[in-house]
Structures are given as structure tokens and as C-alpha cells.
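If you count by the numbering used here, then the sequence shown holds residues 842 to 1211, one letter each, in order. By construction, the Cβ of each residue, glycine as well, lies at the ideal position given by its N, Cα and C atoms.
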Amino acid sequence: MSHHPFEQDTTFAQIGNHKTEPLKAVSTPIYLSTSYRHEKIGHGNGYDYTRTGNPTRDVLEDAMARSEHGDRAFATSSGMSAIQLVFSLLAAGDHIVTCRDVYGGSYRYFAMLEEKQGFQFSYWNGQDADKLADYIQDNTKAIFIETPTNPLMTNIDMAAVSRIAKEHNLLFIVDNTVYTPFLQQPINEGADIVIHSATKYLAGHNDVLAGAVVAKGNKLCEELAYIHNSTGSTLAPFDCWLLMRGMKTLPLRMRQHEYNAKCVKAFLESQPLVNQVLYPGKGGMLSFYLNDETYVEPFLKALNLFTFAESLGGVESLITYPATQTHADIPEAVRHSYGLTNELIRLSVGIEHADDLILDLEHGLAAVAK
Ligand SMILES: *Cc1c(COP(=O)(O)O)cnc(C)c1O
């Protein structure tokens, strides 16, 4: 299903400006109160304790659910806690099929679930949909993917995965951190659950740690609400507000990220010291291989504008070395087997002027050539 950019611009910009706000505040008030008075037994106003429900968080969760076309959303304290919330639906002895190129933190968490909680994981290459069914066992309960994958930036055919998931009655879970609901809405492609590290593009300013789970279907939403409240992985009211403030400009930012990324891609592809550029066709993320591992250090050192730092999706351009940063917890032999090698560099292209970004990269490559 295609997305509607104009409608999205409007709905994102209007987050939190809602008609039922008691004092008609345009920016959603931050309700810090952890507790709510009840006039008498059985006469609450819908709120009693902030872990269970908070008016500020409700506005955010409603916006998240609508942006992803889900029935309900759950704002969590980080992307990892969003992933943990979803995996709390499963239990010891369950088997999950995931893609080989996943966020390093997810890989580390899956390894922990295998070691300590009796889960089993299989890693599919994300490309051959006809091989996906071969990974499914009697105890398989879910398929978890990221698309595009990170850091290798390959798109996975969600409709194909969804067909197989439905055939085998499996939960289909998509981490939509990299494209965001502005570029892709996995529930429209058949996903049951969407996960976000809202720390990245949704918040957009490298200043709030947050996550989101969006789900479709009553039973699933009720189960997630029960776990969200029972485990307390909820997002604090001030962080909910920061996240809403960021989300208002998501469409604007994503357009600039994408424009800049395409400029940077064209530049890198013209460079003899660059071996290959990996760009999934949309969005603001790209990776590339330098011709030699020894180029990485002088290249990084010579950059001024790109900040050498972990994370992605903020207005400031970041450059990451997955081998020692985001994906350091994946054993080297495993990483190398699928192309996450020591020559690979990942860029989160920010919203600065594209010419300045290119100049900076030119500078870095010149230092290598010396
Ligand atoms: C960062 C990230 C996560 C983890 O999110 P946190 O907010 O750092 O906990 C999960 N998935 C992807 C794709 C990410 O980039």
C-alpha cells in the first residue's frame, strides 16, 4: 500500500494538539503526577497510577498507533525494552526465525535469551523467501526482521515473509527503526507487530532514549498492555513529550535525510578509494566499504562534520564503525561470513547542507590518499 505524504505531514505536525485537552493547550501538557485521585470507590477518571496509564503517554501512543496503522501502541523506555516487551509474549522452548543482519543489540539479546531462558533462534539471510519456510520448526512461534537490514542496508520482501508467517500461524514482527512509518508501514504489509527504537529518527535529535511497540489485533494488544503494565517498561512523561516534539517534524526531516543521503551516495560511488556503497533506495542511512581496513582510522580522524559516534537518525550526521561499535557483540567470524567486515563504515546522514557533508567526506578520503 502506498503512503500519503501530505496526510502524513498533517498528522505528524498535529501530534498532541487535540480537542479534548482540558485547557486547550496546543502543546500536550506533561503530566508528571504518578497518582490520580478517585472521588469514591469505582469513580476514577480513567487514570490511577502512571505505570498503568498516563495522559501524556496516551497522546503519544495514540499518535504512534495511527502512524503505523496499528490498533494500539506502547511507549517504552528504550528500543531494547520494546523488543523485550514483544519477546515477553513468548516462552522457554519457543523458536524464532530472524534475519542474519540484525542490530547488534538485538543479536546480543537473542543470544542471552538462548543462553538463559531456553529460547531458540535461527538466522535466515533475509533474501531467499523460498528458503525461509525451511527454517520453520514445530516450536516456531515468530519471525522477527529488520528491513532494511542494518548495517548492510538490504530490503526484505515483507509481503513474502507475511505470507509464510500466516501459512504457519506465526507472529510477524518488524523492527521499523531505519525507515520509520513515513517511508514504510509494515502492518499494511502483513506484520502483526512493529517495533521502534524511537531514540533514532522518531525522536530525531539525539536527546531521548525511547522505544515503541505497535500491534494489530485485540488479543495481541491486550496481552501487550498487560505485560507493559506488569513489567513497567513504560516511557517517562517528559520523554514522551520530547518524543512527540520530535515526531512533529519527522516528514520534513526524512525528506532532507533522504535527499542528502542520495547526494552522499552519488559522491561516494565516484571515489576510487571506496569499494561499494550500500543504499537501500530510501531514507537517510547508507554504508560503504573502503578498499582497505587500514584506511578507516585516517579517514575517521580527518572528518570534522560527521561525528564519530554510535546511533543514527538524528539531525546531526554520524559516522559509525560497526565492527567495533554497534555490532561488536557479533563474533568476528559470524560478521565476516555475511559481509559485515572491518572495511565497512556506516553513515547516518543528517540534515546539514549536502555540499558540506560531501566536502567533509572528500577531506577524509584525501587524508587516506596521503
Ligand atoms: C538502536 C536500535 C535498537 C535499540 O534501541 P535503543 O533505543 O538503543 O534501546 C533496536 N533496533 C534498531 C534497528 C536500532 O537501530
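Where does Val1156 sit, in a helix, a strand or coil, going by DSSP? coil
With respect to 7 Å, is the separation between the Cβ of Tyr818 and the closest non-hydrogen atom of ligand 1 below this value? Here the chain has residues from 842 to 1211 only, and residue 818 is not among them.
With a cut-off of 8 Å, do at least 3 Cβ pairs link the segment 916 to 936 to the segment 1048 to 1055? yes
Suppose the cutoff is 7 Å on Cβ atoms and the five residues either side in sequence are ignored; what does the same chain contact list for Leu873 look like? Pro1078
Taking Ser1189 as part of the beta strand (DSSP E), name the residues at either end of that continuous run. From DSSP, the beta strand (DSSP E) with Ser1189 extends over 1185 to 1189.
Does the distance from the CB of Phe1129 to the CB of Leu1146 come in under 8 Å? no
As assigned by DSSP and simplified to three states, the class of Ser843: A caution first: Ser843 carries a pLDDT of 45, below 50, which makes its placement in the model too unreliable to give a value.
Keeping to the same chain, check which residues put their C-beta closer than 6 Å to that of Leu1012; ignore five residues upstream and five downstream. Ala983, Asp1033
Arg1187 versus Glu880: straight-line alpha-carbon distance, rounded: 56 Å
His936 bridges to which residues according to DSSP? The partner list for His936 (beta bridge, DSSP) reads Gln961, Thr981.
Give the DSSP-derived three-state secondary structure of Glu1203 in the structure shown. helix
If I follow the unbroken beta strand (DSSP E) through Met1126, where does it start and stop? 1126 to 1131
What does DSSP give as the partner residues of Tyr890 in its beta bridges? Ser876
Taking only heavy atoms of ligand 1 into account, decide whether any of them is closer than 7 Å to the Cβ of Lys1041. yes
With a 10 Å radius around its C-beta and 16 neighbouring C-beta atoms as the bar for buried, classify Lys1211 as buried or exposed. It counts as exposed.
Please state whether DSSP places Gly1087 in a helix, a strand or coil. helix
Near Gly885, which residues of its chain fall below 8 Å by C-beta distance, leaving aside the five closest residues on each side in sequence? Tyr877, His879
Say the cut is 7 Å; is the CB of Asn837 nearer than that to a heavy atom of ligand 1? Residue 837 is absent from the model: the chain starts at 842 and stops at 1211.
So, with DSSP's three-state summary, where would you put Thr1161? strand
For Arg913, three-class secondary structure by DSSP: strand
When you measure from the CB of Asp1016 to every non-hydrogen atom of ligand 1, does any distance come out below 7 Å? yes
Buried versus exposed, by CB contacts within 10 Å (16 or more), Lys1041: A residue is called buried once 16 or more other Cβ atoms fall within 10 Å of its Cβ, and Lys1041 is buried on that count.
Rounded straight-line distance, which links the Cα of Asp979 to that of Gly1191: 45 Å
Could you tell me which residues DSSP pairs with Val1035 in its beta bridges? Val1015, Val1055
Would you list the one or two residues that DSSP bridges to Ile924? Answer by DSSP bridge pairing: none, since Ile924 is not bridged.
Taking the alpha-carbon positions, what's the Phe985 to Gly934 distance? 17 Å
Can you tell me whether Ile882 is buried or exposed, with buried defined as 16 or more other CB within 10 angstroms of its CB? exposed
Does the distance between the C-beta of Glu1157 and the nearest non-hydrogen atom of ligand 1 fall short of 7 Å? no
Val1137 bridges to which residues according to DSSP? Val1137 pairs with nothing; no bridge assigned.
Once DSSP output is grouped into helix, strand and coil, what is the label at Phe1149? strand
Check whether the Cβ atoms of Arg913 and Cys1062 lie closer than 8 Å to each other. yes
Please state whether DSSP places Val1002 in a helix, a strand or coil. helix
Confirm, please, whether the CB-CB distance from Arg898 to Leu1141 is below 8 Å. If you check the CB distance, Leu1141 and Arg898 do not come in under 8 Å.
Contact test: Met1095 Cβ vs ligand 1 heavy atom, cutoff 7 Å: no
Among Leu1091, Met994, Gly967, Asn991, which residue has its Cα nearest to the Cα of Ser1003? With distances taken between Cα atoms, Ser1003 lies closest to Gly967.
Of the choices His910, Ala1001, Trp965, Ser1074, whose alpha-carbon is the least far from that of Asp942? Trp965
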